[in-house]
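Below is one structure, written out as structure tokens; comments come after it.
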Amino acid sequence: MPFLKAHNVSKNFGGVQALKDVTLELPESVVLGLIGPNGSGKSTLLNIIAGLEKPTSGIVRLDNRRIDSLRANRVVGYGLAKTHQIPKPFSNMTARENVAVAVLYGRRNIPSPRLALEEADRVLSMVRMGSRKDAPANSLTVQEKKRLELARAIGTGASILLLDEVFAGLSPEELKDSIQLFKKLHNELRFSVLVVEHVMRAVLSLSQKVMVLEEGRVIATGSPDEIVHDEKVIQAYLGSKSAAA
Amino acid sequence: MNVQKPGLTLYGLFIVMAFLAAAALLLGVAVSSILVVLLIYAALAYSINFITGMIGYVDFGHVLFMAIGSYALATLVSYYGANPLLGVGLGALLGLIFALGIGLIILRFRGVYFAIATVVLVLAAYNIVLQFPQLGVGGEIIFNLTFQPLATYFTIWTIVLIEIVLTYYVNRSRIGFGIRAIKNEEDAASSVGVSPRTLKLTGYMLGGLFGGAAGAVYAWSISGVTAGPAFDFTFSLLMLAMIIIGGVGTSIGPLLGAVVVYIPSYFLLTTVAQAQPLMIGLLVIIMALFLPDGIVGLLRRSNQRLRLVLE
């Protein structure tokens with residue numbers, strides 16, 4: 001039963017303190033939304049959990065193992081996988097080869113490229129990309145590239161997904177489609193998710209719990225309904241005058 | 246790349262290698278002494294292909310491993326009277342060990358910084374060699390062996406054959422998938438569990454191993470080694486030219502590139518020697534502009550069936 005916990009995590013970049021004593025808990029199968037204005041430290045927190053950056057202080061645990069000193073590729077072996085805010089496909093490979101890399105090097109111990117490609121096909125149809133599996137990754141649309149990021153993360157066999165703005169930049173129709181797909185996948189696979197998102201509609205309808213960051217601090221945590229009525233959150237997003245009105 | 250398709254590329258390469266073996270046995274010393282240089286070129290092209298072709302890190306200093314192999318063989322043969330085959334083995338081993346030590350440090354650099362580091366390494370190694378009188382005055386060791394063209398020939402032939410098979414299977418294996426991912430997006434690769442450090446070092450060590458072996462055979466074939474030519478920058482460029490012209494990272498590209506670079510330069514060497522680097526330079530520029538994936542890429546695009554079978 002995976003249980004992710006970040007405890008008192010701080011991160012300094014030179015003189016700038018990007019995160020100040022952030023504590024976060026992600027129980028099994030829960031979708032936790034992480035929101036906040038630009039520069040509030042959301043992506044930094046995600047990068048620290050994924051092993052892409054080291055915290056200045058504080059610890060990250062998965063179950064009872066510390067993972068904050070591991071490199072990114074080792075973190076994947078413990079069942080965490082992160083998508084990239086700006087999709088980073090392996091553009092010299094096809095979609096199915098992209099996912100096959102994740103299957104081969106994830107935590108699932110499938111060393112045969114043939115079996116990995118078959119599994120990649122299965123994952124691609126799960127994210128409704130089955131018809132595009134032989135397309136070179138650099139010929140995919142933005143939405144497809146985002147789906148490919150998701151497929152790669154699922155392909156590693158992760159039980160915890162760290163999603164960095166997978167819903168940004170989509171048309172309203174694509175957004176509706178993606179939210180529906182995400183719900184279906186979560187029902188089938190029951191992974192836990194930490195989702196960083198600007199698109200409020202997506203966060204509020206997907207998350208069981210939402211955490212709000214402002215200038216590197218947690219200013220509110222609660223159900224989506226509590227969050228949209230929270231004074232401090234409204235202030236952080238709209239300024240104090242609107243809150244008073 | 247389609248892992249289910251039968252290995253027509255591999256069978257094709259086996260046939261070419263069989264022809265090369267038959268040519269040496271049937272056509273005599275004159276032909277084999279030309280072909281041995283071609284095979285040394287091919288061995289070097291395959292060795293740099295493990296680094297620049299597969300991992301995508303441009304190595305301007307690959308001649309270093311060739312020199313290490315040359316000095317290993319020359320020292321063993323001239324001072325200890327050892328069998329040259331032992332020298333080839335030592336050259337390969339030292340190439341591997343040096344690649345491990347050097348790779349641990351310089352593979353931390355990326356892009357142009359890595360490329361510069363490889364150039365500096367060769368300059369440093371050249372000056373280090375000149376400081377050791379054991380490696381000859383001016384880094385020159387010359388030895389006298391009974392003329393054994395077939396032994397030299399079949400040693401390098403075997404090395405190339407091993408390189409071909411290894412390149413082919415690495416490309417098709419799990420490692421090949423990881424390597425292609427790194428070549429494209431190192432960070433994204435590590436976020437799906439690929440360890441760039443391990444795979445880059447693996448490629449670099451394979452490059453060092455085979456570069457050392459080929460360098461040893463080269464010293465064997467010319468009965469000696471001299472620091473100036475052994476560390477000649479032109480050699481590094483020639484190796485890069487061969488894989489760029491043939492098709493980087495592929496199993497068949499280095500051999501194609503070796504043929505395209507070697508045959509014309511053989512004829513030019515006997516007529517206008519100075520035109521050789523000029524011609525190769527022009528060819529590389531044209532390839533980089535119009536055919537960045539080399540001859541293999543051109544063939545793949547020209548024909549649907551070739552696209553599936555050429556690896």
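Top to bottom, those sequences are chains X and V.
Heads up, the first sequence is in the numbering used here, so the first residue is 1 and it goes up one at a time.
Heads up, the second sequence is in the numbering used here, so the first residue is 246 and it goes up one at a time.
Backbone N, C-alpha and C fix where the C-beta goes; we use that ideal spot for every residue, glycine too.
Contact check, residue i vs residue j, beta carbons under 9 Å
i	j	result
V:Arg425	V:Met299	yes
V:Ile197	V:Gly469	The requested residue 197 of chain V does not occur in the structure, where chain V is confined to residues 246 to 556.
V:Ile347	V:Phe359	no
V:Ile488	V:Gly301	no
X:Ile160	X:Gly79	yes
X:Arg152	X:Thr83	yes
V:Leu283	V:Ala475	no
V:Gly438	X:Asn73	yes
X:Leu24	X:Leu45	yes
X:Ala81	X:Arg96	no
V:Leu406	V:Leu366	no
X:Ala135	X:Phe167	no
X:Ile49	X:Leu163	no
V:Ala370	V:Ala312	yes
X:Val210	X:Ile227	yes
Pick from the options that is closest to residue i, judged by C-alpha positions
i	options	result
X:Ile179	X:Val31, X:Asn8, X:Ala137	X:Val31
V:Ile530	V:Ala486, V:Leu258, V:Lys445	V:Ala486
V:Ala317	V:Ser277, V:Leu280, V:Gly381	V:Gly381
X:Val142	X:Gln85, X:Lys176, X:Ser43, X:Asn8	X:Gln85
V:Glu408	V:Gly306, V:Tyr507, V:Ile293, V:Gly314	V:Ile293
X:Gly77	X:Arg190, X:Thr156, X:Val233, X:Arg217	X:Thr156
X:Leu34	X:Val193, X:Asp225, X:Gly239	X:Val193
V:Thr479	V:Leu551, V:Gly421, V:Ile525	V:Ile525
X:His116	X:Leu124, X:Val103, X:Ser125	At residue 116 of chain X the sequence reads Ala, which differs from the His that was named. Nearest of X:Leu124, X:Val103, X:Ser125 to X:Ala116, Cα basis: X:Val103.
X:Pro37	X:Pro172, X:Phe13, X:Val212, X:Glu118	X:Val212
X:Met126	X:Glu188, X:Ser43, X:Ser40	X:Glu188
Span separating the alpha-carbon of residue i from that of residue j
i	j	result
X:Val195	X:Gln208	11 Å
X:Met129	X:Ala137	12 Å
V:Tyr232	V:Gly457	Since the first residue shown for chain V is 246 and the last is 556, residue 232 of chain V is missing from the structure and cannot be characterised.
V:Leu553	V:Arg545	8 Å
X:Ala243	X:Ser29	With a pLDDT of 44 at X:Ala243, under the threshold of 50, the modelled position of that residue is not reliable, and no figure is offered here.
V:Ile296	V:Lys445	8 Å
V:Gly542	V:Leu528	15 Å
V:Tyr414	V:Val274	33 Å
X:Leu185	X:Leu150	11 Å
V:Asp538	X:Arg107	33 Å
V:Val505	V:Thr391	32 Å
V:Ala472	V:Ser315	10 Å
V:Ile342	V:His307	14 Å
X:Lys183	V:Met262	57 Å
V:Gly257	X:Val99	31 Å
V:Phe422	V:Asn416	7 Å
V:Thr516	V:Ala461	28 Å
V:Phe264	V:Leu331	27 Å
V:Gln379	X:Ser10	57 Å
X:Ser57	X:Phe191	28 Å
X:Val60	X:Lys20	14 Å
Coarse secondary structure for residue i, derived from DSSP in three states
i	result
X:Ile86	coil
V:Glu430	coil
V:Asp304	coil
X:Ser192	strand
X:Ala244	Annotation note: pLDDT 46 at X:Ala244 (below 50); position unreliable, no value reported.
X:Met211	strand
V:Pro499	helix
X:Leu34	strand
V:Leu261	The question names Leu, yet the displayed sequence has Val at residue 261 of chain V. V:Val261: helix per DSSP, three-state reduction.
X:Glu226	helix
X:Asp63	coil
X:Gly58	strand
Ranges of the beta strand (DSSP E) found wholly within the region 78-163 of chain X, counting only runs of at least 3
80-82
For the region 427-478 of chain V, list the alpha helix (DSSP H) runs that are entirely contained and at least 4 residues long, ordered along the chain.
431-435, 441-467, 472-475
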